[in-house]
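Comments concern the structure below.
Protein chains: 2
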Amino acid sequence: MKSTLSNRLPIIVLGIPSVIYLLQVGGLLFSGFITIVVCLCVVEFYNLKSEEGLEPSYILGIPLTLIICYFYNQFPYVDGVFIVSALLLLIITYLFYEMFSGHQKPFYNISITLSGLLYPAFLLGAMIALRNWDEMNGGNFTISMVVTVWICDSAAYIFGRLWGKQKLIERISPNKTVVGFIGGIIGAFLSFYIMDQLGFIYQSLTIFDILILSFIVGVIGQLGDFVQSMFKRDAGVKDSGKLLLGHGGVLDRFDSLIFTSPVVLIFVLCL
Amino acid sequence: MKSTLSNRLPIIVLGIPSVIYLLQVGGLLFSGFITIVVCLCVVEFYNLKSEEGLEPSYILGIPLTLIICYFYNQFPYVDGVFIVSALLLLIITYLFYEMFSGHQKPFYNISITLSGLLYPAFLLGAMIALRNWDEMNGGNFTISMVVTVWICDSAAYIFGRLWGKQKLIERISPNKTVVGFIGGIIGAFLSFYIMDQLGFIYQSLTIFDILILSFIVGVIGQLGDFVQSMFKRDAGVKDSGKLLLGHGGVLDRFDSLIFTSPVVLIFVLCL
Chain A
164 MKSTLSNRLP IIVLGIPSVI YLLQVGGLLF SGFITIVVCL CVVEFYNLKS EEGLEPSYIL
224 GIPLTLIICY FYNQFPYVDG VFIVSALLLL IITYLFYEMF SGHQKPFYNI SITLSGLLYP
284 AFLLGAMIAL RNWDEMNGGN FTISMVVTVW ICDSAAYIFG RLWGKQKLIE RISPNKTVVG
344 FIGGIIGAFL SFYIMDQLGF IYQSLTIFDI LILSFIVGVI GQLGDFVQSM FKRDAGVKDS
404 GKLLLGHGGV LDRFDSLIFT SPVVLIFVLC L
Chain B
164 MKSTLSNRLP IIVLGIPSVI YLLQVGGLLF SGFITIVVCL CVVEFYNLKS EEGLEPSYIL
224 GIPLTLIICY FYNQFPYVDG VFIVSALLLL IITYLFYEMF SGHQKPFYNI SITLSGLLYP
284 AFLLGAMIAL RNWDEMNGGN FTISMVVTVW ICDSAAYIFG RLWGKQKLIE RISPNKTVVG
344 FIGGIIGAFL SFYIMDQLGF IYQSLTIFDI LILSFIVGVI GQLGDFVQSM FKRDAGVKDS
404 GKLLLGHGGV LDRFDSLIFT SPVVLIFVLC L
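Same order as they appear, the protein sequences are chains A and B.
Under my numbering, think of the first position of the first sequence as 164, with each following residue one higher.
Under my numbering, think of the first position of the second sequence as 164, with each following residue one higher.
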């Protein structure tokens with residue numbers, strides 16, 4: 164589907180307020196929402212290779228993904244015995260299933276099924292732990308991160324359209340320019356800086372913390388877009404899915420957050 | 164190299180007493196030994212696909228494997244924050260590295276690198292946690308498991324050679340027969356039963372526990388051999404490596420234990 168403002172509008176008008184609302188509410192509602200998003204990302208990741216004739220196992224990939232989300236919902240107080248046991252048993256069951264199935268190319272089927280648990284599930288699932296940590300701020304820290312990701316993307320787009328000439332990594336993403344990339348970093352910094360000055364984020368952040376957060380969203384988040392573009396280019400598709408109308412798939416929309424969330428989680432755990 | 168008794172002998176004469184000794188000593192010496200074995204298994208797993216022109220990342224796969232072994236050495240008291248942070252950062256670093264490298268087929272490179280962390284690393288690493296749990300018995304429980312795996316393999320081989328006709332899963336392993344498989348289960352049961360009667364394993368095992376353990380080694384362990392055969396058949400090789408002379412690679416030797424150890428770990432955690 165062509166990406167026009169008219170078919171992008173429903174997602175913008177409904178999507179942004181809904182996500183902000185869920186971020187504010189937090190708790191099981193937000194964890195459940197992210198769990199669904201993570202599962203959809205895993206399905207799209209598997210879909211990218213299913214079209215080439217491989218057979219990643221949705222039926223075992225999804226329960227394994229649920230366990231990872233459950234792990235993050237408990238984090239950092241983890242029932243290691245239950246989680247490790249469940250992961251081990253499901254992985255072994257899956258390997259036996261693949262052996263008996265007689266599928267072609269079991270090596271690739273298994274590799275794609277299992278790697279989907281680490282990228283994207285293990286990375287994006289970190290958002291659950293981040294929002295739970297953020298309970299004491301009523302979710303403001305997580306909201307500021309998500310808003311900054313949006314602002315970074317928009318600033319990169321605007322800077323790139325206005326002044327962008329030299330491509331950053333043309334082999335992977337021919338639309339992204341050096342100027343756009345720098346614009347994204349500036350946008351991310353301004354977003355965090357202003358929200359911090361308004362007292363929105365978290366009480367005791369220093370300017371150094373703001374710079375680190377800007378780096379995480381501006382540099383790591385934008386490079387995450389490239390990783391996602393690389394996967395799509397490798398699979399020969401333009402969008403990872405069609406679920407979100409003109410916005411492509413869920414993986415496309417959450418590509419920055421897949422990389423931003425885990426690193427921000429590590430950052431807050433070090434605070 | 165052809166598998167003859169003469170080139171198998173050094174491994175048997177040196178290997179078996181060495182492994183028994185390490186199992187008795189336990190502690191960091193045993194954990195270190197298994198860590199090396201797990202790393203070698205991951206390298207062989209990657210090698211299976213490197214020969215086809217793919218480029219799994221040894222340089223990031225090995226540190227990630229070390230973290231998994233470290234995790235098991237702490238288990239079930241886990242420093243989740245450090246382990247999760249290190250895993251997340253290394254996975255993200257690896258994804259960026261793969262993006263900048265310009266390798267062909269990044270999707271497959273990434274899938275194989277990451278899935279190697281779950282099979283074999285996450286499965287076989289469980290041996291470390293199992294031996295640590297077993298400290299109160301001086302390692303006898305773990306020794307009895309390893310010895311039973313050897314006896315199961317030998318019984319399966321002898322039964323199969325003497326009376327085996329019908330193949331179990333000819334598509335994957337043309338040498339393994341139904342009779343051999345059943346012989347392996349009988350051998351596993353007798354091994355556990357006799358060691359239990361001699362008071363060697365663990366004080367409070369019931370006959371029902373012995374049956375479960377026999378099932379784990381006899382059925383799950385032997386099916387694990389088939390999974391390993393499936394991977395080799397898929398990659399078009401006979402042995403996973405040449406390190407152990409006539410015994411093939413490390414993956415070949417540890418194939419039963421890759422599946423037996425994690426399930427026995429779960430079993431003892433439920434005791």
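Where a beta carbon is used, it is the ideal one built from N, C-alpha and C, also for glycine.
Simplified DSSP state of residue i, which is helix, strand or coil
i, result
"A:K212", "helix"
"A:K395", "helix"
"B:T369", "coil"
"B:M164", "In this prediction, B:M164 scores a pLDDT of 42, lower than 50, which makes its location untrustworthy; no coordinate-derived value is stated."
"A:A292", "helix"
Closer than 7 Å: residue i CB and nearest the ligand SAH heavy atom
i, result
"A:I179", "The ligand SAH is absent from the structure shown, which contains no ligand whatsoever."
From the options, residue whose alpha carbon lies closest to that of residue i
i, options, result
"A:L414", "A:F389, A:I179, A:V426", "A:F389"
"B:S424", "A:A318, A:V200, A:I255", "A:I255"
"A:W313", "A:F417, A:T198, A:Y235, A:L286", "A:F417"
"B:L281", "B:V310, B:L250, B:P269, B:S264", "B:L250"
"A:V438", "A:L386, A:I421, A:G346", "Past the boundaries of the shown model lies residue 438 of chain A; chain A is included only from 164 to 434, so the question cannot be answered."
"A:K339", "A:V426, A:S181, A:M299, A:S392", "A:S392"
"A:M299", "A:I174, A:F394, A:I364", "A:I364"
"B:E215", "B:Q267, B:F371, B:L361", "B:Q267"
"A:L386", "A:C433, A:I222, A:I332", "A:I332"
"A:F436", "B:F344, B:G399, B:V400, B:V382", "For chain A, the structure presents residues 164 to 434; residue 436 of chain A sits outside this window and is missing."
"B:I357", "B:I222, B:I373, B:S213", "B:I373"
"A:G265", "B:R396, B:I179, B:T311, B:S264", "B:R396"
"A:L361", "A:F304, A:F394, A:F263", "A:F304"
"A:G343", "A:S367, A:P239, A:L353, A:K330", "A:K330"
"A:A398", "A:Y233, A:Y209, A:L432", "A:Y209"
"A:V247", "B:F245, B:S248, B:Y240", "B:Y240"
"A:G195", "A:T228, A:T311, A:G224, A:P173", "A:T228"
"B:I231", "B:G346, B:F352, B:G279, B:G327", "B:G279"
"A:G302", "A:F234, A:G189, A:G347", "A:G189"
CB of residue i within 8 Å of CB of residue j, strictly
i, j, result
"B:N272", "B:P219", "yes"
"B:C315", "B:G384", "yes"
"B:L277", "A:L277", "yes"
"B:G350", "B:S317", "yes"
"A:C203", "A:F193", "Note on identity: in this sequence residue 203 of chain A is Leu, with Cys being the wrong assignment. No, Cβ-Cβ distance for A:L203 and A:F193 is not below 8 Å."
"B:L252", "A:I375", "no"
"B:I379", "B:I291", "no"
"B:T201", "B:P283", "Here residue 201 of chain B turns out to be Val, not Thr, going by the sequence shown. Cβ atoms of B:V201 and B:P283: closer than 8 Å."
"B:S336", "B:F355", "no"
"B:V427", "B:L287", "no"
"B:F394", "A:F263", "no"
"A:L368", "A:I275", "no"
"A:V205", "A:I225", "yes"
Contact list for residue i against chain B, beta-carbon separation under 7 Å
i, result
"A:D397", "K268, P269, F270"
"A:S274", "S274, I275, S278"
Per-residue contacts from residue i into chain B (C-beta, under 9 Å)
i, result
"A:V200", "Correct list: empty, because the minimum Cβ distance to chain B is about 18 Å."
"A:F259", "I383, L386, G387, F389, V390, F422"
"A:G238", "With the sequence shown as reference, residue 238 of chain A is identified as Phe, and Gly is not the correct amino acid for it. G243, V244, V247, listed in chain order."
"A:G224", "Residues of chain B passing the Cβ test: none, with the nearest at roughly 12 Å."
Where residue i meets chain A, residues with beta-carbon distance less than 8 Å
i, result
"B:Y212", "In the sequence on display, residue 212 of chain B carries Lys and not Tyr. By Cβ distance, chain A contributes F270."
"B:G265", "R334"
Chain A contact residues for residue i, given Cβ-Cβ distances below 9 Å
i, result
"B:L251", "F285, L286, A289, P425, V426, L428, I429"
Per-residue contacts from residue i into chain B (C-beta, under 8 Å)
i, result
"A:I335", "M262"
"A:Y282", "I254, L258, I273, L277"
Chain-ordered chain A contacts of residue i [CB-CB under 7 Å]
i, result
"B:M393", "M262, P269"
"B:G216", "Chain A residues near B:G216: none, gap ~14 Å exceeds 7 Å."
Chain D contact for residue i (CB, 8 Å cutoff)
i, result
"A:L432", "Protein chains in the displayed structure are A and B, and chain D is not among them."
Near-chain A residues of the segment 344-373 of chain B - C-beta to any C-beta below 7 Å: none
Which residues, taken in chain order from the segment 303-333 of chain A, show a beta carbon closer than 9 Å to some beta carbon of chain B? I332
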